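Everything on this sheet refers to the single structure shown next.
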Amino acid sequence: MDVRSAIDTRRSVREYLQESIDHETLQKLIDAASMAPSHMNIQPWHFHIVAGPKRDELVRILNRSTLMLADLFAEMDEVSVEKATRFFSDIGGAPVVIAVSTPDCGDDPYRRVVDALSCGCALQNLQLAAHAEGLATCVLSISFWVKEDIAKFLEMEGRDIVCCVIVGKPAGKTDAPARRADIVTWVGA
Ligand SMILES: Cc1cc2nc3c(=O)[nH]c(=O)nc-3n(C[C@H](O)[C@H](O)[C@H](O)COP(=O)(O)O)c2cc1C
């Protein structure tokens, strides 16, 4: 698969087959993530790969975050709320959750931004590599609401959870959500 078609056909998937993924394949995704650019090549990321019964425990922790989503759900229609609630209840059956973390940078706003940007680059590499392996992914920002609980569960000290990304074999096809067209301003070009 060439890079451009991987970019165009990757989707965030919310329904997975309950098939495990071998370590070798998961390691390939981490290798791809590690090749991402990062500020001053600091490579601030770390990946906790969680599967099996530990994955179920982590999902229960992630589930608590939906209690914090009342405001968001209030803006959504009934069908979307039902869909989101069903997805979050068991993260679509995805067999693997990867928690992405950076060193805790306290209240240094610059470091916070560049660390998060670097992790975003790594995550995109990871997602494209998964797609090339016939796997699917979905980034979960809901982990934000329970990040201290996740860090405690994964016994990470001095690190900050950026987000989680789920990985698995897709259960079906997912259509591409529409893209906005008003995203560029040409200046002198
Ligand atoms: C930073 C980030 C956070 C996201 N958080 C969630 C989430 O909590 N739940 C979810 O279902 N999808 C989440 N997504 C997936 C987006 O909804 C998805 O990327 C978007 O709808 C476009 O669809 P596509 O990825 O299939 O192109 C997140 C994506 C990103 C990049």
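Under our numbering, the letters of the sequence shown match residues 983 to 1171, in that order.
For each residue, glycine too, the CB sits at the ideal point set by N, CA and C.
Computed from a predicted structure; not experimentally measured.
Going by DSSP, what residue range makes up the beta strand (DSSP E) through residue i?
i	result
Gly1150	Arg1141 to Gly1150
Leu1122	Ala1118 to Leu1122
Starting from residue i, trace the alpha helix (DSSP H) both ways and give me its first and last residue.
i	result
His1005	His1005 to Ser1016
Val1095	Pro1091 to Ala1114
Thr1067	Glu1060 to Asp1072
Asp990	Val985 to Thr991
Glu1130	Lys1129 to Phe1135
Asp1053	Ala1052 to Ala1056
Since residue i and residue j should fall inside the 8 Å C-beta cutoff, what is the C-beta to C-beta distance between them, to a whole number of angstroms?
i	j	result
Ala1114	His1030	In fact, because the Cβ distance is near 23 Å, the residues do not count as touching under 8 Å.
Val943	Ala1076	The structure shown has nothing for residue 943, since the chain only spans 983 to 1171.
Leu1117	Lys1151	6 Å
Arg1141	Ala1133	6 Å
His1028	Ser1083	5 Å
Pro1026	Cys1101	7 Å
Val1063	Val1032	Rounded, the Cβ-Cβ distance is 27 Å, inconsistent with contact.
Glu1135	Leu1040	What sits at residue 1135 in the sequence shown is Phe, not Glu. Indeed, because the Cβ distance is near 6 Å, the residues count as touching under 8 Å.
Cys1146	Ser1020	Rounded, the Cβ-Cβ distance is 19 Å, inconsistent with contact.
Ile1124	Phe1070	7 Å
Quickly, what does DSSP pair residue i with across the bridge? List them, please.
i	result
Val1079	Val1032 and Ile1148
Tyr998	Pro1152
Thr1084	Asp1142
So that I know if they touch, is there some Cβ in chain D lying closer than 7 Å to that of residue i?
i	result
Lys1036	In the structure shown, chain D cannot be found, because there is only a single protein chain.
Name all residues in chain order for which at least one heavy atom of ligand 1 lies closer than 5 Å to the residue's CB.
A distance filter of 5 Å between CB atoms and the heavy atoms of ligand 1 selects the following residues in sequence order: Arg993, Ser994, Val1121, Leu1122, Ser1123, Ile1124 and Pro1159.
Do the region 1051 to 1059 and the region 1105 to 1113 touch if we need at least three Cβ pairs shorter than 8 Å?
Three or more Cβ pairs closer than 8 Å define a contact, and the region 1051 to 1059 falls short of that threshold against the region 1105 to 1113.
Using 8 Å as the Cβ pair cut-off and three pairs as the minimum, do the region 1007 to 1014 and the region 1042 to 1053 touch?
Contact fails: fewer than three Cβ-Cβ distances are below 8 Å.
Inter-stretch contact at 8 Å, needing at least 3 Cβ pairs: the region 1119 to 1138 / the region 1035 to 1044:
yes
Inter-stretch contact at 8 Å, needing at least 3 Cβ pairs: the region 996 to 1011 / the region 1093 to 1102
No, they do not touch.
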